[in-house]
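Visitor: So the sequences go chain by chain: A and B. Positions 1 to 243 (the numbering used here) are the ones given, in order, by the first sequence. Positions 1 to 221 (the numbering used here) are the ones given, in order, by the second sequence. Take this structure first; my questions come after.
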Amino acid sequence: MLTGEGICKSFRGTTVLDGVSATVAPGEITVAIGPSGSGKSTLLRALSLLDPPDRGTVTVDSVAYPHPRPESEPPIAPPWPKVTVVFQSLFLWPHLTVRENIALPLKNRRDIDAPALIEELIDQYKMGGYVDRYPNEASVGQKQRAAIARAVALRPKYLLLDEVTSALDVEYVAVVLNHLLALKKQGTGILLITHLIGFARRAADRILFLEQGRVVEEGGRDVLASPRTSRLREFVSLVDTAS
Amino acid sequence: MDTFEILSTYREEFLIGLGVTLRLCGIVWLTGIVFGTVLGVAGGKLQLLIGAPIRVASFILGAVPVLVFLFWLHYPLQTLLGIIVPPFTTATAALAILNSLLVADMIRAVLRDFPQQYLQAARVCGLTSRQTFLRIQLPIVLRQVIPGILLVQVSMLHASMFASLISVDEIFRVAQRINSEVYRPVQIYTALALMYLVVCLPLHGLAYWLRLRYTRDLSER
Numbered sequence: 001m002l003t004g005e006g007i008c009k010s011f012r013g014t015t016v017l018d019g020v021s022a023t024v025a026p027g028e029i030t031v032a033i034g035p036s037g038s039g040k041s042t043l044l045r046a047l048s049l050l051d052p053p054d055r056g057t058v059t060v061d062s063v064a065y066p067h068p069r070p071e072s073e074p075p076i077a078p079p080w081p082k083v084t085v086v087f088q089s090l091f092l093w094p095h096l097t098v099r100e101n102i103a104l105p106l107k108n109r110r111d112i113d114a115p116a117l118i119e120e121l122i123d124q125y126k127m128g129g130y131v132d133r134y135p136n137e138a139s140v141g142q143k144q145r146a147a148i149a150r151a152v153a154l155r156p157k158y159l160l161l162d163e164v165t166s167a168l169d170v171e172y173v174a175v176v177l178n179h180l181l182a183l184k185k186q187g188t189g190i191l192l193i194t195h196l197i198g199f200a201r202r203a204a205d206r207i208l209f210l211e212q213g214r215v216v217e218e219g220g221r222d223v224l225a226s227p228r229t230s231r232l233r234e235f236v237s238l239v240d241t242a243s
Numbered sequence: 001m002d003t004f005e006i007l008s009t010y011r012e013e014f015l016i017g018l019g020v021t022l023r024l025c026g027i028v029w030l031t032g033i034v035f036g037t038v039l040g041v042a043g044g045k046l047q048l049l050i051g052a053p054i055r056v057a058s059f060i061l062g063a064v065p066v067l068v069f070l071f072w073l074h075y076p077l078q079t080l081l082g083i084i085v086p087p088f089t090t091a092t093a094a095l096a097i098l099n100s101l102l103v104a105d106m107i108r109a110v111l112r113d114f115p116q117q118y119l120q121a122a123r124v125c126g127l128t129s130r131q132t133f134l135r136i137q138l139p140i141v142l143r144q145v146i147p148g149i150l151l152v153q154v155s156m157l158h159a160s161m162f163a164s165l166i167s168v169d170e171i172f173r174v175a176q177r178i179n180s181e182v183y184r185p186v187q188i189y190t191a192l193a194l195m196y197l198v199v200c201l202p203l204h205g206l207a208y209w210l211r212l213r214y215t216r217d218l219s220e221r
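Shown next as structure tokens:
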């Protein structure tokens, strides 16, 4: 289980997360929704420990990462790539081809047959046409698929994705989302930040609705059908109208 | 006497002068690249302690003409310190200091501005610090600094001519001396230009090849 408890984060005096708690369970999809600036991406970065919280505890399985860390305690090895992230801006390494981007992290994984896995991913994510190109020679949608493939190749236990379907066309959104469902079935815990309410309705096991750095409402996917708070009702209605 | 006759007649003098120029440049290139890289990396890591002094020093030296800096090291500084340093050493030191600072400043700036997101992506993918430095950071940094560093090395070769003004018998001074003996400026300076071409062209070629090979445009569309 990947959990965050009482996560607080501020930037230059502005509170971005104010005591947020969240859970990503293996074999489940948690979808975080909320308006821009609600703290979704900051929560994702805090849970991944890339930007550790100012206060609060992140626990990955049984390993706790309290913040601030008590000085008497030795530093604990970060949980990567057991917990890995697909960033909104992707951050494929620009000097490596798409294939090399996927292959490089696999050099540390003797438990994975890298060449076979890469071929499998190329096929699954339909990357054959551009896998030997550099990221800046690929379209945004192609890069999104490549970034997801790079993360998935590591077989993470927890996969955190930040708006990764934003530039994909409908067909590839379906491809990616089907892969997420397959990963869920394989036991991967997924945290997805998205505006795709439709996907959340269909596949989310848990919904987190954030606003102004707080969890305003959470629960199973049914909260989208019958929100308890007027704010979530209003948000869902707006997103439905927009889409 | 045409250019090639001049070159043939005075080949020994030219070769000795060229040898001095290349020895001077070799030391300047090596020390500049090695110390500059070390200083630049240190300055990139310790921005306040090392990075800021490098920036100030290269800013000040960048505003002072090379010749003035060389003369200042050769005359006032040695007078102040009460020492006499051979002109070759003074010229080498002046250009090596300049080269080191220019290289260091370039590397420091590229490291300072390095996109941290690429490093974060490496971390979440489980790459070690060593892998991240060698496979991600270094190749991207090198791609950005190689053309600039090579241009600076070519300009160091050009600046080595100033050493002739403090009596270093490098190629330009040799050419001047031969000209004062035979007064054939057209042929002699054409011969000199040919020799600089012979040395500079491979360097330019190398810079061009490295740029093509390693400095592919990485910017996003």
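Just so you know, even glycine gets a beta-carbon here, dropped at the ideal spot from N, CA and C.
Roughly how many angstroms lie between the CA atoms of residue 65 of chain B and residue 59 of chain B, to the nearest whole one?
Guide: Residue 65 of chain B and residue 59 of chain B: Cα-Cα distance of roughly 12 Å.
Visitor: Among the candidates A/41, A/27 and A/9, whose CA atom is the shortest distance from the CA of residue 208 of chain A?
Guide: It is A/41 whose Cα lies nearest to the Cα of residue 208 of chain A.
Visitor: Residue 96 of chain B and residue 28 of chain B look like a contact to me (Cβ under 8 Å); what is the Cβ gap, rounded to whole Å?
Guide: Indeed, because the Cβ distance is near 5 Å, the residues count as touching under 8 Å.
Visitor: Once DSSP output is grouped into helix, strand and coil, what is the label at residue 135 of chain A?
Guide: Residue 135 of chain A: helix per DSSP, three-state reduction.
Visitor: Using the C-alpha atoms, what's the distance from residue 108 of chain A back to residue 190 of chain B?
Guide: When rounded, the distance between both Cα atoms is 58 Å.
Visitor: Closest Cβ-Cβ distance between residue 95 of chain A and chain B: below 8 Å?
Guide: Closer than 8 Å: yes.
Visitor: Which of helix, strand or coil does DSSP assign to residue 35 of chain B?
Guide: Residue 35 of chain B: helix per DSSP, three-state reduction.
Visitor: Whole angstroms is fine: what's the gap from residue 218 of chain A's alpha carbon to residue 84 of chain A's?
Guide: Taking the straight line from one Cα to the other gives about 23 Å.
Visitor: Kindly say whether residue 196 of chain A, judged by its beta-carbon, lies nearer than 8 Å to any beta-carbon of chain B.
Guide: So no, residue 196 of chain A is outside the interface.
Visitor: Using C-beta distances below 7 Å, list every residue in its chain close to residue 2 of chain B, excluding the 5 sequence neighbours before and after it, in chain order.
Guide: Taken in chain order, the residues that qualify are 187.
Visitor: Would you report the Cα separation of residue 47 of chain A and residue 11 of chain A, rounded to the nearest angstrom?
Guide: Rounded to the nearest angstrom, the two C-alpha atoms are 17 Å apart.
Visitor: Nearer than 7 Å: is that true of the beta carbon of residue 214 of chain A relative to any heavy atom of the ligand MG?
Guide: This structure simply doesn't include the ligand MG, nor any ligand for that matter.
Visitor: Give the interface partners of residue 126 of chain B over in chain A, defined as CB-CB distance under 7 Å, in chain order.
Guide: Ordered by position in chain A, the residues that pass the 7 Å Cβ test against residue 126 of chain B are 80, 81, 105, 108 and 154.
Visitor: On the CB-based measure, 16 or more other CB atoms within 10 Å of its CB, does residue 74 of chain B come out buried or exposed?
Guide: Buried: at least 16 other Cβ atoms inside 10 Å.
Visitor: If you draw a straight line from the alpha carbon of residue 211 of chain B to that of residue 202 of chain A, how long is it in whole angstroms?
Guide: Roughly 51 Å between the two C-alpha positions.
Visitor: What is the rounded straight-line gap between the Cα of residue 163 of chain A and the Cα of residue 130 of chain A?
Guide: Spanning the two alpha carbons is a distance of roughly 22 Å.
Visitor: Consult DSSP for residue 66 of chain A and reduce its assignment to one of helix, strand or coil.
Guide: Strand at residue 66 of chain A.
Visitor: If you count every other CB in all the chains shown that lies within 10 Å of the CB of residue 241 of chain A, and 16 or more means buried, which is it?
Guide: Under this definition residue 241 of chain A is an exposed residue.
Visitor: If we call anything under 8 Å between Cβ atoms a contact, is residue 193 of chain A one with residue 154 of chain A?
Guide: Against a cut-off of 8 Å, the Cβ pair of residue 154 of chain A and residue 193 of chain A comes out as no contact.
Visitor: If you follow the beta strand (DSSP E) that residue 197 of chain A is in, where does it begin and where does it stop?
Guide: Residue 197 of chain A -> not in any beta strand (DSSP E); alpha helix (DSSP H) instead, spanning 197-203.
Visitor: Using a cut-off of 7 Å between C-beta atoms, extract the partners of residue 48 of chain A located in chain B.
Guide: Going along chain B in sequence order, the residues near residue 48 of chain A (Cβ under 7 Å) are 124.
Visitor: Taking residue 169 of chain A as the reference, which of A/52, A/80, A/196 and A/62 has the closest Cα?
Guide: Per the Cα distances, A/196.
Visitor: Between residue 154 of chain B and residue 203 of chain B, is the Cβ-Cβ spacing less than 8 Å?
Guide: The answer is yes: Cβ separation under 8 Å.
Visitor: Are residue 4 of chain A and residue 22 of chain A close, meaning C-beta to C-beta below 8 Å?
Guide: Their beta carbons are under 8 Å apart, which means residue 4 of chain A touches residue 22 of chain A by this criterion.
Visitor: Are the Cβ atoms of residue 82 of chain A and residue 58 of chain A separated by less than 8 Å?
Guide: Cβ distance not < 8 Å, so residue 82 of chain A and residue 58 of chain A don't count as in contact.
Visitor: What is the C-beta distance between residue 106 of chain B and residue 43 of chain B, in whole angstroms, given that I count them as a contact (C-beta under 8 Å)?
Guide: Contact flag wrong, Cβ pair sits at about 10 Å.
Visitor: Under 8 Å Cβ to Cβ from residue 167 of chain B, same chain only, skipping five residues before and after it: list those, please.
Guide: Closer than 8 Å at Cβ, skipping near neighbours: 87 and 173.
Visitor: What residue from B/7, B/30, B/195 and B/182 has the CA that sits closest to residue 93 of chain B's CA?
Guide: Closest by alpha carbon: B/30.
Visitor: Quick check: what's the CA-CA separation for residue 132 of chain A versus residue 146 of chain A?
Guide: When rounded, the distance between both Cα atoms is 11 Å.
Visitor: Which residues of chain B have a Cβ atom closer than 9 Å to the Cβ of residue 150 of chain A, listed in chain order?
Guide: Those within 9 Å of residue 150 of chain A in chain B are 121 and 125.
Visitor: Using a Cβ-Cβ cut-off of 8 Å, state whether residue 42 of chain A counts as contacting chain B.
Guide: Cβ-Cβ to chain B under 8 Å: no for residue 42 of chain A.
Visitor: Which residue marks the beginning of the beta strand (DSSP E) containing residue 158 of chain A, and which one marks its end?
Guide: Element bounds for residue 158 of chain A: 158-162.
Visitor: Find out if the Cβ-Cβ distance for the pair residue 94 of chain A, residue 135 of chain A is shorter than 8 Å.
Guide: For residue 94 of chain A and residue 135 of chain A, yes; Cβs fall inside 8 Å.
Visitor: Where do the N-terminal and C-terminal ends of the alpha helix (DSSP H) with residue 220 of chain A fall, by residue?
Guide: Element bounds for residue 220 of chain A: n/a, residue is neither H nor E.
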